[in-house]
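Encoded as structure tokens, the structure appears first; notes follow it.
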Amino acid sequence: MKIVMLDGDTLPVPLPTGQQQADWEMRAQTPADDIVSSLAGATVAITNKVPLRADTLQQLPELRFICVAATGYDCIDLDACRARGIVVSNVPGYSTQSVSEAVIAAIFALRRQLMAYASNTRIDWPQAKHFCVHHQPIGDIGGATLGIAGKGDIGQAVGRLAQALGMQVQYAERKGSERVRDGYISFEQMLATSDIISLHCPLSDSTRQMIDREALDKMKPQALLINTARGGLINEADLAAALKQGLIGGAALDVLSSEPPAPDNPLLADLATLLLTPHIAWASRSGVENLVAGVMANIAAFIQGEPINVVS
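Listed below in structure tokens is the structure:
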């Protein structure tokens, strides 16, 4: 059996390939033009973000299993996989602790103005006339209202941590939904009443650019926006403009619509109220260990004829 990992460099540690007897090929990365040739003769493909679409899959008659080394699987054409009898599994829940803690860390950083004070302290403090320097107003965490879009494992974990800090937590109904389920508030109400909004939705046609200028206009003037899910949930040009204009208080993004981003992405500009990190919210030690273990468990289960974590 030939097993090919298409983008092994997305993991900070190597897969323990010795656990399974197979012909392993670990590729650091795979450009789009090389996907078909790289998977020629492969029974199993492992991908984190390399897309596997219908036109690619039809050229891979021996492919029988795709393991997505992530929870989100929008890089895979599931309909094409079903049509070709290709099983697809993901690794659910591996990063719940890591991502939820990253969200809380971002809330502290933005709400308490840690970036601004840390960047100015070495210049401003020695020249100060008093023991402290007052610039940007600092907000408390306790008592703030957190609006969460997406009530999956990570969204709920963020909610639990926030409640432990004394925050008020509310979950948003799907944007555009005519019915509001028990335990939710409307998307529009969440925008208008939240001090902080955290996105935890999968990317789909219905959620793409759910945060656009219209949504940003409905947010509180000092509200914060956090996205650790998928960059495509946000209209990036609209957000960049809103931050420049001071329409909202700030944002923390761990994801962008294209990764790595193009140099002209508007969110790469010098935006003082933006905390931008390179898709590493998932990558705590436990998150990495859980992901590696999950990938290897999926491979083992497929080889044994009893695939797990099947999404298609």
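Residue numbers for the sequence shown follow the numbering used here, beginning at 1 and rising by one. We put the beta carbon where it would ideally sit given N, CA and C, even for glycine.
In this chain, Ser-312 is not harboured by any alpha helix (DSSP H), its DSSP state being neither H nor E. CA-CA distance, Met-115 to Val-255, rounds to 19 angstroms. Secondary-structure assignment with DSSP links Lys-2 through a beta bridge to Asp-23. For Gln-113, the closest C-alpha among the options Leu-275, Leu-291, Pro-92, Ala-293 is that of Leu-275. One thing to note: Gly-249 has its Cβ within 8 angstroms of the Cβ of Gln-222. Here Cys-67 carries a strand assignment [DSSP, helix/strand/coil]. In its chain, beyond the 5 residues on either side, Ser-312 have a beta carbon closer than 6 angstroms to the beta carbon of Arg-82. Of all C-beta pairs linking the stretch 74–91 to the stretch 32–39, fewer than three are shorter than 8 angstroms, placing the two stretches out of contact. Residue ranges of uninterrupted alpha helix (DSSP H) with 4 or more members, entirely inside the stretch 266–311 and ordered along the chain, are 285–303.
Nearest to Thr-228 by alpha-carbon distance, out of Thr-277, Lys-220, Ala-40, is Thr-277. Three or more Cβ pairs drawn from the stretch 154–164 and the stretch 91–107 lie within less than 8 angstroms of each other, which places the two stretches in contact. Secondary structure at Gln-168: strand, using DSSP grouped into helix, strand and coil. Under the criterion of beta carbons closer than 8 angstroms, Leu-199 and Ala-240 do not qualify as touching, at roughly 17 angstroms. Excluding the 5 residues flanking it on each side, Asn-309 has same chain C-beta neighbours closer than 7 angstroms at Ser-89, Asn-90, Val-91, Pro-92, Asn-298, in chain order.
At the C-beta level, Met-26 and Leu-15 come within 8 angstroms of one another. Just so you know, the alpha carbons of Lys-2 and Cys-67 end up roughly 13 angstroms apart. Contact between Lys-49 and Thr-17 does not hold, since the beta-carbon distance rounds to 20 angstroms and is not under 8 angstroms. A straight line joining the alpha-carbon of Leu-243 with that of Ala-293 spans about 40 angstroms.
Between Gln-20 and Ile-303 the beta-carbon gap is near 7 angstroms, inside 8 angstroms, which marks them as a contact. The stretch 164–213 is shown to contain whole alpha helix (DSSP H) runs of 4 or more residues at 187–193, in chain order. Around the C-beta of Ser-100, 16 or more other C-beta atoms lie within 10 Å, and the residue is accordingly described as buried.
Judged by DSSP secondary structure, Asn-120 falls within the alpha helix (DSSP H) whose first and last residues are 114–124. If you check the CB distance, Leu-146 and Ser-194 come in under 8 angstroms. Under the three-state reduction of DSSP output, Leu-57 falls in the helix class. Ile-197 sits away from Ala-144, with the two beta carbons spaced by 8 angstroms or more.
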